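Residue numbers (the working numbering), protein chains in the order written: chain A, 187 to 448; chain B, 114 to 231. Note sheet for the following structure.
As structure tokens, this is what we get:
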């Protein structure tokens, strides 16, 4: 196969100062702005009244007792279990004990539910708006410029993606237009943000999409539409099936074994 | 494989695991970008560029093991090249850097290649 001669294109060196650097700087600054916007817009948790707080905390108390039973001694665990089970079953912790057994209110009409949705909306907006703006900005100002060459060869299939707005059939697909530099920045700047803002930043949209699932798990437990009375019942059963043992069972044997093996 | 009971006797603290992973990925991201700049300035193309990345990432990982992990891990009775004292999976330590840093590497490689070989 005859090798094609290497294409060289005379480019104005000013392209670097007026296209490459502006796009890169704008991308980095947008990432930083997005990070701080997310930090500033984060809603502080709403203040709960005493009854609601008690309901949630006693639920967590049950979970903590169940998952950490091994650090409690036997009588101590049984005392906690009896107390919690009794309180759960009589509904002593419920916010409104007289509403037991009624279906929970529709989450769409509950004003408290709107908060969580607004938070998700805000996050999505913080991602979408800058992206759309920058895309259209690059398309309006810089479309049609060939600015940089990839250091590795790629197949012709990438041509339509990398050379968007440059309709030259014979050009090597390694040449990139400004819009593809923008895409490369989206994927590659994560490490720069890690370095600038610390690794749990909100600058990169990639991290946002992956982390988007995380914080909802906590809210789900006490979210609207969940009947706390039913949750207490489930927790009662969970507590009842715990077969208690302590980490201190047989500790003297383990200690002696450790000394003997030395 | 340790049983649930052994985990309760000697628990694994999630914060420490997070911290270890974070330190590792920070190093990987940063070195990947720096290697990209180096490859671009050297004017490496196609295979030699990727080979450069592979060799230097592996070298970084081995150095990280030798300097940070090995002194305490060998003393605690782990085998050579066993990182289980600090990291949950061996894969994460030995191969995580290759894929985590690739995007950053390509970005800086392209940038510096374009700047130097204009």
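All C-beta atoms in this analysis are idealised placements derived from N, C-alpha and C, irrespective of residue type, glycine included. Just so we're clear, the structure is a prediction, and the values are computed from it rather than from any experiment.
What is the residue span of the alpha helix (DSSP H) that residue i lies within?
{"i": "residue 433 of chain A", "result": "Taken as a continuous stretch (DSSP letters only), residue 433 of chain A belongs to no alpha helix (DSSP H), as it is neither H nor E."}
{"i": "residue 347 of chain A", "result": "345–348"}
{"i": "residue 200 of chain B", "result": "Segment: none, residue 200 of chain B is in no alpha helix (DSSP H) and carries neither H nor E."}
{"i": "residue 198 of chain A", "result": "Per DSSP, residue 198 of chain A belongs to no alpha helix (DSSP H) and is neither H nor E."}
{"i": "residue 188 of chain B", "result": "183–188"}
{"i": "residue 232 of chain A", "result": "Careful: residue 232 of chain A lies outside any alpha helix (DSSP H) and carries neither H nor E."}
{"i": "residue 153 of chain B", "result": "127–155"}
{"i": "residue 175 of chain B", "result": "159–177"}
{"i": "residue 446 of chain A", "result": "437–447"}
{"i": "residue 375 of chain A", "result": "From DSSP, residue 375 of chain A is part of no alpha helix (DSSP H); its letter is neither H nor E."}
Quick one: Cα of residue i to Cα of residue j, how far?
{"i": "residue 166 of chain B", "j": "residue 255 of chain A", "result": "49 Å"}
{"i": "residue 342 of chain A", "j": "residue 203 of chain B", "result": "38 Å"}
{"i": "residue 373 of chain A", "j": "residue 217 of chain B", "result": "8 Å"}
{"i": "residue 125 of chain B", "j": "residue 432 of chain A", "result": "18 Å"}
{"i": "residue 380 of chain A", "j": "residue 278 of chain A", "result": "48 Å"}
{"i": "residue 149 of chain B", "j": "residue 207 of chain A", "result": "17 Å"}
{"i": "residue 191 of chain B", "j": "residue 243 of chain A", "result": "42 Å"}
{"i": "residue 416 of chain A", "j": "residue 241 of chain A", "result": "12 Å"}
{"i": "residue 193 of chain B", "j": "residue 181 of chain B", "result": "13 Å"}
{"i": "residue 334 of chain A", "j": "residue 164 of chain B", "result": "22 Å"}
{"i": "residue 330 of chain A", "j": "residue 316 of chain A", "result": "22 Å"}
{"i": "residue 455 of chain A", "j": "residue 135 of chain B", "result": "Chain A is shown only over 187 to 448; residue 455 of chain A falls outside these bounds and no answer can be derived."}
{"i": "residue 119 of chain B", "j": "residue 179 of chain B", "result": "29 Å"}
{"i": "residue 275 of chain A", "j": "residue 419 of chain A", "result": "7 Å"}
{"i": "residue 442 of chain A", "j": "residue 257 of chain A", "result": "21 Å"}
{"i": "residue 406 of chain A", "j": "residue 265 of chain A", "result": "Unreliable positioning characterises residue 406 of chain A in this predicted model, as indicated by a pLDDT of 47, which lies under 50. A coordinate reading is not provided."}
{"i": "residue 130 of chain B", "j": "residue 429 of chain A", "result": "29 Å"}
{"i": "residue 422 of chain A", "j": "residue 201 of chain B", "result": "34 Å"}
{"i": "residue 382 of chain A", "j": "residue 199 of chain A", "result": "29 Å"}
Where do the N-terminal and C-terminal ends of the beta strand (DSSP E) with residue i fall, by residue?
{"i": "residue 335 of chain A", "result": "332–335"}
{"i": "residue 362 of chain A", "result": "361–363"}
Report whether the distance from the Cβ of residue i to the nearest heavy atom of the ligand ZN is below 7 Å.
{"i": "residue 275 of chain A", "result": "Questions concerning the ligand ZN fall outside what the structure shown contains, since it holds no ligand whatsoever."}
Using C-beta distances below 7 Å, list every residue in its chain close to residue i, excluding the 5 sequence neighbours before and after it, in chain order.
{"i": "residue 175 of chain A", "result": "It is not possible to answer for residue 175 of chain A, since the shown part of chain A is limited to 187 through 448."}
{"i": "residue 215 of chain A", "result": "none"}
{"i": "residue 213 of chain B", "result": "138, 141 and 142"}
{"i": "residue 424 of chain A", "result": "252"}
{"i": "residue 402 of chain A", "result": "Because residue 402 of chain A carries a pLDDT of 42, less than 50, the predicted location of this residue cannot be relied on, and the following value inherits that uncertainty. Result list for residue 402 of chain A: empty, nothing under 7 Å."}
{"i": "residue 123 of chain B", "result": "none"}
In three-state DSSP terms, what is residue i?
{"i": "residue 403 of chain A", "result": "In this predicted model, residue 403 of chain A has a pLDDT of only 41, less than 50, meaning its place in the structure is not dependable enough to derive any value."}
{"i": "residue 223 of chain B", "result": "helix"}
{"i": "residue 230 of chain B", "result": "coil"}
{"i": "residue 342 of chain A", "result": "helix"}
{"i": "residue 427 of chain A", "result": "coil"}
{"i": "residue 213 of chain B", "result": "helix"}
{"i": "residue 422 of chain A", "result": "helix"}
{"i": "residue 318 of chain A", "result": "helix"}
{"i": "residue 329 of chain A", "result": "coil"}
{"i": "residue 415 of chain A", "result": "helix"}
{"i": "residue 208 of chain A", "result": "helix"}
{"i": "residue 244 of chain A", "result": "helix"}
{"i": "residue 193 of chain B", "result": "coil"}
{"i": "residue 356 of chain A", "result": "coil"}
{"i": "residue 123 of chain B", "result": "coil"}
{"i": "residue 203 of chain A", "result": "helix"}
Excluding five sequence neighbours on each side, which residues of the same chain lie with their C-beta closer than 8 Å to the C-beta of residue i?
{"i": "residue 324 of chain A", "result": "209, 364, 365 and 368"}
{"i": "residue 154 of chain B", "result": "225 and 229"}
{"i": "residue 273 of chain A", "result": "244 and 279"}
{"i": "residue 320 of chain A", "result": "212, 213, 216 and 368"}
{"i": "residue 362 of chain A", "result": "332, 333, 334, 335, 336, 348, 349 and 370"}
{"i": "residue 259 of chain A", "result": "432 and 434"}
{"i": "residue 227 of chain A", "result": "308 and 312"}
{"i": "residue 156 of chain B", "result": "226, 229 and 230"}
Using a Cβ-Cβ cutoff of less than 6 Å, which residues in the same chain neighbour residue i once the five nearest sequence positions on both sides are dropped?
{"i": "residue 228 of chain B", "result": "none"}
{"i": "residue 267 of chain A", "result": "425"}
Segments of 4+ residues assigned as alpha helix (DSSP H) that fall wholly inside the segment 249–280 of chain A: Taking 4 residues as the minimum length, the alpha helix (DSSP H) runs contained wholly in the segment 249–280 of chain A are 260–276, in order along the chain.
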